[in-house]
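A.B. asks: Once you've had a glance at the structure underneath, I'll fire off some questions.
Residue numbers (this note's numbering): 52 to 337.
Structure representation (structure tokens):
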């Protein structure tokens, strides 16, 4: 974004974000407090399954999501349904709680943003869960990439954008001009995503993969978490509404991004993953 095209209101927002990044003290909006509380509990070595379960139980929406996840085909293998939070946490593991909380918070942000950008926020949410479902499904075909970790990466790969959508509530004038908010999010998402992810306790390997997937693809066959995430992003049918296509069609951009991938091999991988993708997408939609 060139200097002459930055409005004064954008400059004020930039200065605020630069100061926070420099100090390492990110100002989390109220909508993200749940993630901060969960981080504290999960980071406390004295916290056990009971403490985690109690925290989840007082958040009805998160509790419902965790129980639903435990009963989904992604995790449940028995005949008896999981009916309580503690049993659900024991089954899915505490590692699954953080991304589920982040996904719930992202969904809540889409429902609370200014009405003028709600459609874009909702599309960003749909893009996010589609990418997460794809990465989880594709990872089963990639040795060395745990599907749960791929799911996590997919769910958080646009967390910076959701954070920014929540933060611009303090700068409503940024939404007044068409395209200004989109410019801000495109500019800031790569810069702030890693800081937000690390601050919320995301493992560095996942944060690194999210950052690397924005930059490059190592080549076929996919070998790393960032490769899996890259494929998920460019294969998702629902695009990120804030990505700058620069006048190039979505199909042309995807073809360019996948230029080093054998189309038949990619299609075969996506076909093998289709049932798992549909299963994960149904679970994540809630």
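Note that the Cβ used here is the ideal one computed from N, Cα and C, for glycine as well. Owing to the predicted nature of the structure, the values given are computational and were not obtained by experimental measurement.
(1) How would you label residue 97, buried or exposed, when you count the other beta carbons within 10 angstroms and need 16 or more for buried?
(2) Please state if the CB of residue 104 and the CB of residue 143 are separated by a distance shorter than 8 Å.
(3) Check whether the Cβ atoms of residue 92 and residue 118 lie closer than 8 Å to each other.
(4) What residues in its chain sit with their C-beta under 7 Å from that of residue 273, if we drop five residues either side in the sequence?
(5) Suppose contacts are defined by Cβ-Cβ distances below 8 Å. Is residue 155 in contact with residue 216 by that definition?
(6) Please classify residue 167 as buried or exposed, where buried requires at least 16 neighbouring CB atoms within 10 angstroms.
(7) Since residue 244 and residue 210 are thought to touch, with beta carbons under 8 Å apart, how far apart are those beta carbons, to the nearest angstrom?
(8) If you drop the 5 nearest sequence neighbours on each side, which residues of the same chain put their C-beta closer than 6 Å to that of residue 174?
(9) Can you tell me whether DSSP reads residue 126 as helix, strand or coil?
(10) Any idea if residue 322 is buried or exposed, counting beta-carbon neighbours within 10 angstroms, 16 or more meaning buried?
(11) Starting from residue 334, follow the alpha helix (DSSP H) in both directions and report where the run begins and ends.
(12) Around the Cβ of residue 331, are there at least 16 other Cβ atoms within 10 angstroms (buried) or fewer (exposed)?
(13) For residue 149, does the count of other Cβ atoms within 10 angstroms reach 16, so buried, or fall short, so exposed?
(14) Consult DSSP for residue 213 and reduce its assignment to one of helix, strand or coil.
(15) I'd like to check one pair, residue 277 with residue 260: are the Cβ atoms closer than 8 Å?
(16) Tell me the DSSP secondary structure of residue 191 in three-state form.
(17) Could you tell me the distance, in whole angstroms, from the CA atom of residue 268 to the CA atom of residue 131?
(18) Between residue 77 and residue 157, what straight-line distance do the alpha-carbon atoms span, to the nearest angstrom?
(19) Fully enclosed by the region 124 to 181, which alpha helix (DSSP H) runs are 4 residues long or longer?
(20) Excluding the 5 residues preceding and the 5 following residue 336 in the sequence, name in chain order all residues of the same chain whose CB lies nearer than 8 Å to its CB.
(21) Look at residue 64 and residue 213 and say whether their C-beta atoms are less than 8 Å apart.
(22) Inspect the beta-carbon positions of residue 94 and residue 147 and report whether they are closer than 8 Å.
(23) For the putative contact between residue 287 and residue 196, defined by C-beta atoms under 8 Å, what is the C-beta separation to the nearest angstrom?
(24) Counting C-beta neighbours from all protein chains within 10 Å, is the total for residue 231 16 or more, i.e. buried, or is it exposed?
(25) Within this structure, are the beta carbons of residue 177 and residue 289 separated by less than 8 Å?
(26) Can you find the residues in the same chain that come closer than 7 Å, C-beta to C-beta, to residue 152, ignoring five residues on each side of it along the sequence?
(27) Do residue 208 and residue 264 have their C-beta atoms within less than 8 Å of each other?
C.D. replies: According to the structure shown:
(1) By the neighbour-count rule (16 or more Cβ atoms within 10 Å), residue 97 is not buried but exposed.
(2) It is not a contact, given that the beta carbons lie outside the stated cut-off.
(3) no
(4) 193, 279 and 282
(5) no
(6) exposed
(7) Sure, about 6 Å apart at Cβ, within 8 Å.
(8) Excluding residues within five positions, the ones whose Cβ falls inside 6 Å are 292.
(9) coil
(10) exposed
(11) 314 to 336
(12) buried
(13) buried
(14) helix
(15) yes
(16) coil
(17) Going by the C-alpha atoms only, they are around 42 Å apart.
(18) Within the model, the alpha-carbon separation for residue 77 versus residue 157 is close to 17 Å.
(19) As summarised for the region 124 to 181, the continuous alpha helix (DSSP H) elements at least 4 residues long and confined to that stretch are 136 to 143 and 148 to 163, given in chain order.
(20) Residues of the same chain with a CB within less than 8 Å of the CB of residue 336, apart from the 5 flanking positions on each side, are 180 in chain order.
(21) Cβ distance not < 8 Å, so residue 64 and residue 213 don't count as in contact.
(22) With contacts defined by Cβ atoms closer than 8 Å, residue 94 and residue 147 do not form a contacting pair.
(23) So it is not a contact: roughly 18 Å between Cβ atoms.
(24) Buried, because 16 or more other Cβ atoms sit within 10 Å of the Cβ of residue 231.
(25) yes
(26) Taken in chain order, the residues that qualify are 85, 86, 89 and 113.
(27) yes
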